[in-house]
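Under the numbering used here, the first residue of the sequence shown is numbered 247, with each subsequent residue one higher. Virtual Cβ for every residue (Gly too), placed ideally from N, Cα, C. I have placed the structure first, in the form of structure tokens, so that the comments after it can refer back to it.
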Amino acid sequence: MAADLSKPLLRVIPERDVDPRRPRKGFPKGPDPFPTERQLGRFAPKFDRLAEVLQRDPGGMSLRADPSALAPERVLVFELRGSVAPFVSAIRSIRGLELVDEEELEADEEDKNPVAYLLVPDAKALSQIESLWRRWQRNEPLGDSYMAGWREAFALLKDLRPWGPQDRVDPRDAEGLEQEIIGLEDHDLIRIEAELVFRKDSSAAEDAFRRELDGRGRVIARSRIDEIAYHALLIELSAAQVRQIIARSVRSIAGFDSVMHIRPQSLANSIELAEASPSDQDLDPAELGVPILALLDGVPMARHSLLEHHLVIEDLFGLEPNAQVSDRKHGTAMASLIVHGDRNLKGVPLPRRIHVLPVMAASPGQGETFPQDRLVVDMIYNSVRTMREGAEATAPNVIIINVSLGNRRQPFHGKLSAWARLLDRLAYEYGILFIVSAGNIAESFTVPRFANSVVFEDADAEAKAIGILESVNSLLGQRRIIAPAESINAITVGSCNEDAVSPALRLTARTSVDPYPDLRIANPSSALGPGYGSAVKPDLLMPGSRERLRVVTSNGQSIGVAPAPPTHAAGLKVAAPPKIGQESYESYTNGTSASAALASRTCHRIHDALEGSYGDAFLSLPHKERAVLIKALIAHTAEWPEQTAELMKQILGPADGRQHVKQKDNIRRYLGFGLVDADSAVACTSDRATFWAVGEIRANQMVHVPIPIPAAMGGRAQPHSLSATVAWFTPTHPGTRAYRSIRLRLLEPEEMGELGLGTCSRQPDVNQSNRGTLFCRRWEGSKAAAVSHDMVLRLHIQRELDQVGHYDDSIPFGVAVTISMPGVVEIYEQVRQRLGILPRIPTGP
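Structure (structure tokens):
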């Protein structure tokens, strides 16, 4: 496919002409300011102490939403009243102050205690803030217009302080630590994770920590990963010491200057399996290719008849010898779903082996979890490097890695986890598409709409759906995606209420209720978005079983419900650990782990189809380009079901149709870009043509992608559509002003009107789509298209101006385009004849 990469991207962003005394466009009106008297008494002493607390290093001030990789001794913590957006607006014009990427500072309506972090460089900057504060106290003019923004900023503060113990222990982590020590004596020992302040001198912070720790606890494991500014220790402390941490005592390790964050030890997601039964199929071994897909998970059952010829197991951490076979549930189920899919569908096994690297241990009474003597981030890092680094790489062809795992103690609330930062870095460095599960929320929740279980069971389908959606929506802040699902380079997968259970078996479910009988939608247990910088998360939904709810409480005014475990009546059929000495059993599972595994299988099938059609022309593409192309193609068929989207709009609101952006924002939290049609992602039909291209795009460049319009589309007043998806990997820079360094955008072609096409309403808003590293757009219509002879529509892929500095790196991208006109069978053949596609867009001079 020809493309012109030589034209510079002529796009100038003028400096904002800002008068701080005027309301800012594009930002919500803030709350009423606090009274001046209240602010004077509360903050004057704090400013008096700032000069003594903060270091004076040279540099510029910068405002952050995430303190990762900052120097805490230079950080002012602003606790804000209401939304972050008015505060950001108030200080936008302050001279010497850098704003991070505005997407990072997006207001989070579910965050009741928004915080922003100001990095203060030196005494001069601090003196300036202090001087402004004194003027504000005396109600004096604050100088020129560049300084007036501080007046509004001071009025919106709830609290201001230097970085300290309160910031090292997040309230959610404190709750987790409290749960850990319930019932423990003061001398009982537990393990926690301490992330240290990241310094260029790799030993200084850790040496300081160890000196202060001496006599209070011991270090179990350590990890330092320079590429993501991560330095952490796994330490063992007494319950008494942990109680001091929860209290944020300066005498605890929460008072150590070397500490950035303190958290409970990472805890893995778990899965449930239904009652197992003997497998009904033995597979003949076939000649299988080398792996292009890896599974990071628990130890699988390697001798299971469904798996024994399909797995290459690399036990890097020595977990297999101590893993009880009966406990090998998670790894076995995920491997089964990747290799075979849902066994109820009798799918064809993948033609290549999958590379399995266990990172979860299985032990009696504890099930499967991360090893107690390791940091999971370090395990993931070493696993990927072992597979892909250098001449000794154990799986050098792997470009897809399934991570159906997460730290259920770290839901995403605006601050990127080290695990997500790691996946982002590895994706870009090695050209790996990570498929990550969104996480499961298994806790029960209250449904006020139904007084008791009988009312719930007897309600019609729409009433059930309304009641459950209303209840889940009221708990959005408690149902967030789980680390590392916020990764911006990865595909995050949520769980859709679909499976392949037969109608006869479906009728055998009797002790639970289907909450969404007539809808295709995210399961109630599937964790919800958005992601970092308000990016679309989860990206996609895949089948995760038709989850049912069981009533756990009923008081005559409301009911409490919880997700029911998988059964043969509602689940995905998978290989399972043995019973009674037999190796080959099968069972049923569910949840986002299973959905992610099915997404990984679909990615592999896409790779197989491209390999089959293009052979070496595809296989010879660089790892990064193959990976981003698969990323684009799996997302390309995602779509919001019309009935589901309409009902969600009615239930979630807002009712004002003019607030369609907010309506779409509410829907995307549940559906992401939509439900994936796995078969359509792999093959075309005669009335639909999908084609693809890959390439690289440098700074200040635009790619022009020509789309041949089939003559058969012209003059027919019937439904037709065009959809396009662009995917890329961005380099990331923890601790800098813009974490996501590179943005691409797909510009809407001018010819859409001629083709009778308009923007489809069943997709995220265009600005919501531009937050991550996927950009999906769909246009549709039913008016007759005016198609001229050999008409070509041009899609423009634009690289936005770099957020900070200038990055010379070329960014790999993949693009997928589909033209569809149901019932018009000439579409595919006419596009094929005209396309003359080359698998790679040339990079130009």
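Open item on the list: Tell me the DSSP secondary structure of Gln803 in three-state form.
Closed with: coil
- [ ] Would you mind stating whether His1035 and Leu993 have Cβ atoms separated by less than 8 Å?
- [x] no
Open item on the list: Going by the DSSP bridge assignment, what does Leu993 pair with across the sheet?
Closed with: His1042
Open item on the list: So for Tyr676, helix, strand or coil by DSSP?
Closed with: helix
Task: C-alpha gap between Glu689 and Ala1031, whole angstroms - done: 51 Å
Open item on the list: For the pair the region 663-674 and the region 465-484, tell me if three or more CB-CB distances fall below 8 Å.
Closed with: yes
Open item on the list: Tell me the DSSP secondary structure of Ile1073 in three-state form.
Closed with: helix
Open item on the list: Tell me the DSSP secondary structure of Met547 in three-state form.
Closed with: coil
TODO: Provide the residue(s) that pair with Gly740 in DSSP beta bridges, ordered along the chain.
DONE: Leu787
Open item on the list: Between the alpha carbons of Pro1091 and Ile943, how many angstroms are there, rounded?
Closed with: Here the model assigns Pro1091 a pLDDT of 34, short of 50, so the residue's position is not dependable, and the following value carries that caveat. Computed Cα separation, rounded: 12 Å.
Open item on the list: So for Cys1006, helix, strand or coil by DSSP?
Closed with: coil
Task: Classification of Leu753 by the beta-carbon crowding that lies within 10 angstroms, buried from 16 upward - done: exposed
TODO: Compare the Cα-Cα distances from Ser1117 to each of Arg397, Phe289, Arg288 and report the closest residue.
DONE: The displayed coordinates of the chain run from 247 to 1091. Any statement about residue 1117 would go beyond what the structure contains.
Task: DSSP-derived helix/strand/coil call for Pro985 - done: The amino acid occupying residue 985 in the given sequence is Tyr; Pro does not appear at that position. DSSP places Tyr985 in coil when its eight states are reduced to three.
Task: Terminal residues of the alpha helix (DSSP H) in which Lys710 lies - done: 707-719
Task: Alpha-carbon to alpha-carbon, Cys930 and Glu1075 - done: 11 Å
Open item on the list: Based on DSSP bridge pairs, tell me the residues matched to Met633.
Closed with: Bridge partners of Met633: none, in fact.
Task: Counted within 10 angstroms of its Cβ, other Cβ atoms place Gly533 as buried (16 or more) or exposed - done: Sequence check: residue 533 is Glu here, not Gly. Glu533 should be labelled exposed.
- [ ] Please classify Ser572: does DSSP put it in a helix, a strand, or coil?
- [x] helix
Task: DSSP-derived helix/strand/coil call for Val700 - done: helix
Open item on the list: With H, G and I counted as helix, E and B as strand and the rest as coil, what does DSSP make of Ala205?
Closed with: No information on residue 205 is available, as it lies outside the stretch 247 to 1091 that the chain covers here.
Task: Pick from Arg494, Pro1068, Lys446, Leu406 that is closest to Ala958, judged by C-alpha positions - done: Pro1068
Open item on the list: Would Gly790 and Asn769 be called neighbours here (beta carbons separated by less than 8 Å)?
Closed with: yes
TODO: Within the same chain, show all residues whose beta-carbon is closer than 8 Å to that of Leu679, passing over the 5 residues directly before and after it, in chain order.
DONE: Ile645, Ile646, Ile647, Ala673, Ala736, Ile737, Cys849, Ala873, Val874, Ile876, Lys877
Task: DSSP state of Arg380 mapped onto helix, strand, coil - done: helix
TODO: Please confirm if the region 838-846 is in contact with the region 609-624, defined as three or more CB-CB distances below 8 Å between the two stretches.
DONE: no
TODO: Look up Lys895 in the DSSP assignment and say whether it is helix, strand or coil.
DONE: helix
- [ ] Work out the CA separation of Ala399 and Pro281 for me, nearest whole Å.
- [x] 13 Å
Task: Separation of Ala641 from Thr632, as counted between CA atoms - done: 8 Å
Open item on the list: Which runs of the beta strand (DSSP E) at least 3 residues long sit entirely within the region 557-605? Give them in chain order.
Closed with: 557-559
- [ ] Alpha carbon to alpha carbon, how far is Ala939 from Gln947? Give it in angstroms, no decimals.
- [x] 17 Å
- [ ] Please confirm if the region 474-488 is in contact with the region 775-793, defined as three or more CB-CB distances below 8 Å between the two stretches.
- [x] no
- [ ] Compare the Cα-Cα distances from Asp413 to each of Glu386, Arg456, Ile492 and report the closest residue.
- [x] Ile492
Task: C-beta atoms of Thr835 and Ile600 nearer than 8 Å - done: no
- [ ] Pick helix, strand or coil for Gln612, following the three-state DSSP scheme.
- [x] coil
Task: Closest Cα partner of Arg445 within the set Leu480, Arg494, Val505 - done: Val505
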